[in-house]
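Q: Count the sequence shown with the numbering used here and you get residues 83 to 395, in order. Cβ coordinates follow ideal geometry from the N, Cα and C atoms, glycine included. These figures come from a predicted structure and were not determined experimentally.
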Amino acid sequence: YSYPYGYDEGYLWCLPWNFATESLFYNKSHFLQAGIAFPDESWTWENLRHAALALTTNASTDGEPKRWGVELQLNNLDYVLRSFGGGFLIEGERDEVKIGRGNVSALRYVADLILKDQVHPYPTPGWREGFGQGRVSMAFLPERAAVSLNAVYGLDFDVAPVPQGPEGRVTSFSATGIGMGWHTDWEEGSWELMKWFAHADGGEWAVARALLILGGSPVSLQSANEFLWNDFVQEPENRSVFLQNLEYAMVPFSGEEWWPFFDEDSLFNFFEDDHLRKEVQQSLQGIWEGTAAVDELAKELYERWKSIEWYWP
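1) Out of Glu153, Asn157 and Arg251, point me to the one whose CA is closest to Asn109's CA.
2) According to DSSP, is Gly337 helix, strand or coil?
3) Going by beta-carbon coordinates alone, are Tyr203 and Trp150 separated by less than 7 Å?
4) Quick one: what's got a C-beta closer than 6 Å to Phe113's C-beta in the same chain, skipping five residues either side?
5) In whole angstroms, give me the CA-to-CA distance for Gln115 and Glu274.
6) Which word fits Ser254, buried or exposed, when buried means at least 16 other C-beta atoms lie within 10 angstroms of its C-beta?
7) Take Val333 and list the residues in its own chain whose beta-carbon comes closer than 6 Å to its own, dropping the five residues that flank it on each side.
8) Would a C-beta distance cut-off of 7 Å place Ala134 and Ile118 closer than the cut-off?
9) According to DSSP, is Gln115 part of a helix, a strand, or is it coil?
10) Use the C-beta contact count for Ala193: other C-beta atoms within 10 angstroms, 16 or more gives buried, fewer gives exposed.
11) Is the Cβ-Cβ distance between Ser187 and Phe166 less than 7 Å?
12) Hey, would you say Pro205 sits closer than 7 Å to Leu237, going by beta carbons?
13) To the nearest angstrom, how far is it from the Cα of Gln246 to the Cα of Thr103?
14) Which residue from Gln200, Lys148, Trp125 and Leu137 puts its Cα closest to that of Met220?
15) List the endpoints of the continuous alpha helix (DSSP H) containing Ser187.
16) Would you mind sorting Leu130 into buried or exposed? The rule is 16 or more other CB atoms within 10 Å of its CB.
17) Taking the beta carbon of Tyr235 as the centre, do at least 16 other beta carbons fall within 10 Å, making it buried, or is it exposed?
18) At what residues does the beta strand (DSSP E) containing Ala133 begin and finish?
19) So Pro224 and Glu123 are in contact, right, with Cβ under 8 Å, and what is the actual spacing, rounded?
20) Would you mind giving the Cβ-Cβ distance between Asn185 and Gly168, rounded to the nearest angstrom? I have them listed as a contact below 8 Å.
21) Since I believe Phe239 is in contact with Leu106 (beta carbons under 8 Å), could you give me their beta-carbon distance rounded to a whole number of angstroms?
22) Along the chain, where does the alpha helix (DSSP H) containing Tyr161 start, and where does it finish?
23) Which word fits Arg251, buried or exposed, when buried means at least 16 other C-beta atoms lie within 10 angstroms of its C-beta?
24) Identify whether Asn232 lies in helix, strand or coil by the three-state DSSP scheme.
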């Protein structure tokens, strides 16, 4: 489909890249050790709170729990707000703060998890990596997180729907697309490249993800993508819960990420690493000119990607 691009009086032609559903990831080993039943569709936010209290362990010498019970995505609390009867906090061009009874109840619940119950890590740099490291028992993550978590040795996890609130169950979708400008000089080659990137097929998909992900830990990216490259895409047995969770969705989009135009000048211009951008552009020239096959280029890009020392600002 075409999408009006505000900064360019033209259109951005897009293909779906990802449609991730927020779900509750939980560490099965932690639940078994604590003697707690695994979360299911009957869970409410109060059930989650009681479980987090039981799962949090305080055996630590630095004043913080050795293991936290739960972590939320504090940059996206729409599913919590709406399940309590609230809504978006910021609305309109004036950035007006919307305060209502539902929002107050939801924010009080989140604040209590952190400050009163002390079962949620205080938001500091690096805190979002706790679930994969086994330091957090429950986490709200998008579907794509299963890929990197499956590559973590010894991590036994599963997923469950988001808990219910007073106004029902709500999840959120994170939709991303891959696109090119209508004015690109390499229309046919760009279209083939877009179709390749949008096709989740093992190692090729891993290379695409490695090249297009905007940020994150280079260690986790490397482990996740090498896992995919070697073993191809391995869907977890519990993947069906994501599809089942779609029926509970009330928030159609939690955010949008539009990839840059696929032309010679602006391709991958979001990378801070000029060396990486030049390497990728040089490799893709063969596709644009019709002299290189995408599957061959995938392996070449993968080797280039492994050899580059990543820099994350």
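A: In this structure, then:
1) As a first step, residue 109 must be located in the sequence shown, where it is residue number 27. Of the candidates Glu153, Asn157 and Arg251, the one whose C-alpha sits nearest the C-alpha of Asn109 is Glu153.
2) Within the sequence shown, the letter at position 255 stands for residue 337. Any answer about Gly337 is weak, because its pLDDT of 28 lies below 50 and its placement is not dependable; what the coordinates show is given next. Residue state, collapsed to three classes: coil.
3) For the purposes of this step, residue 203 is taken as residue 121 along the sequence shown, with counting starting at 1. For the purposes of this step, residue 150 is taken as residue 68 along the sequence shown, with counting starting at 1. Residue identity differs from the one stated: residue 203 is Pro in this sequence, not Tyr. Yes. Within cutoff.
4) Translated into the one-based positions of the sequence shown, residue 113 becomes position 31. So the qualifying residues of the chain are Phe120.
5) As a first step, residue 115 must be located in the sequence shown, where it is residue number 33. As a first step, residue 274 must be located in the sequence shown, where it is residue number 192. Approximately 50 Å, taken between the alpha carbons.
6) The count along the sequence shown starts at 1 and reaches residue 254 at position 172. Classification of Ser254: buried, given that the 10 Å Cβ count is 16 or more.
7) For the purposes of this step, residue 333 is taken as the residue at position 251 of the sequence shown. Reliability of the predicted coordinates at Val333 is poor, the pLDDT of 25 falling under 50, and the value obtained from them is presented with this limitation in mind. Excluding residues within five positions, the ones whose Cβ falls inside 6 Å are Asp160 and Ser254.
8) Along the sequence shown, read from residue 1 onward, the residue named residue 134 stands at position 52. Along the sequence shown, read from residue 1 onward, the residue named residue 118 stands at position 36. Contact: no.
9) Taking the first residue of the sequence shown as position 1, residue 115 is located at position 33. In this structure, Gln115 counts as helix in the three-state DSSP scheme.
10) Within the sequence shown, numbered from 1, the residue matching residue 193 stands at position 111. The residue in question, Ala193, is exposed, as its Cβ has fewer than 16 Cβ neighbours within 10 Å.
11) Taking the sequence shown and counting its residues from 1, one reaches residue 187 at position 105. Taking the sequence shown and counting its residues from 1, one reaches residue 166 at position 84. Yes. Within cutoff.
12) Residue 205 sits at position 123 when you count from the first residue of the sequence shown. Residue 237 sits at position 155 when you count from the first residue of the sequence shown. Not closer than 7 Å, so no.
13) The sequence position of residue 246 within the sequence shown is 164, counting from 1. The sequence position of residue 103 within the sequence shown is 21, counting from 1. Rounded to the nearest angstrom, the two C-alpha atoms are 16 Å apart.
14) Translated into positions along the sequence shown, residue 220 becomes position 138. Checked all of Gln200, Lys148, Trp125 and Leu137; the closest Cα to Met220 is Leu137.
15) Position 105 of the sequence shown holds residue 187. Start and end: Arg183 to Ala193.
16) Position 48 of the sequence shown holds residue 130. Buried: at least 16 other Cβ atoms inside 10 Å.
17) In the sequence shown, counting from the first residue as 1, residue 235 sits at position 153. Its Cβ having fewer than 16 others within 10 Å, Tyr235 is exposed.
18) As a working note, residue 133 is residue 51 in the sequence shown. No beta strand (DSSP E) contains Ala133, which is instead part of the alpha helix (DSSP H) from Trp127 to Leu137.
19) For the purposes of this step, residue 224 is taken as residue 142 along the sequence shown, with counting starting at 1. For the purposes of this step, residue 123 is taken as residue 41 along the sequence shown, with counting starting at 1. At roughly 19 Å, the Cβ-Cβ gap does not stay under 8 Å, so Pro224 and Glu123 are not in contact.
20) Counted from its first residue, the sequence shown places residue 185 at position 103. Counted from its first residue, the sequence shown places residue 168 at position 86. Contact holds; Cβ gap of about 4 Å.
21) As a first step, residue 106 must be located in the sequence shown, where it is residue number 24. As a first step, residue 239 must be located in the sequence shown, where it is residue number 157. Contact doesn't hold; Cβ gap of about 10 Å is too wide.
22) Indexing the sequence shown from 1 puts residue 161 at position 79. Tyr161 -> alpha helix (DSSP H) spans Asp160 to Ser165.
23) Counted from its first residue, the sequence shown places residue 251 at position 169. Under this definition Arg251 is a buried residue.
24) Working through the sequence shown from its first residue, we reach residue 232 at position 150. Here Asn232 sits in helix by DSSP.
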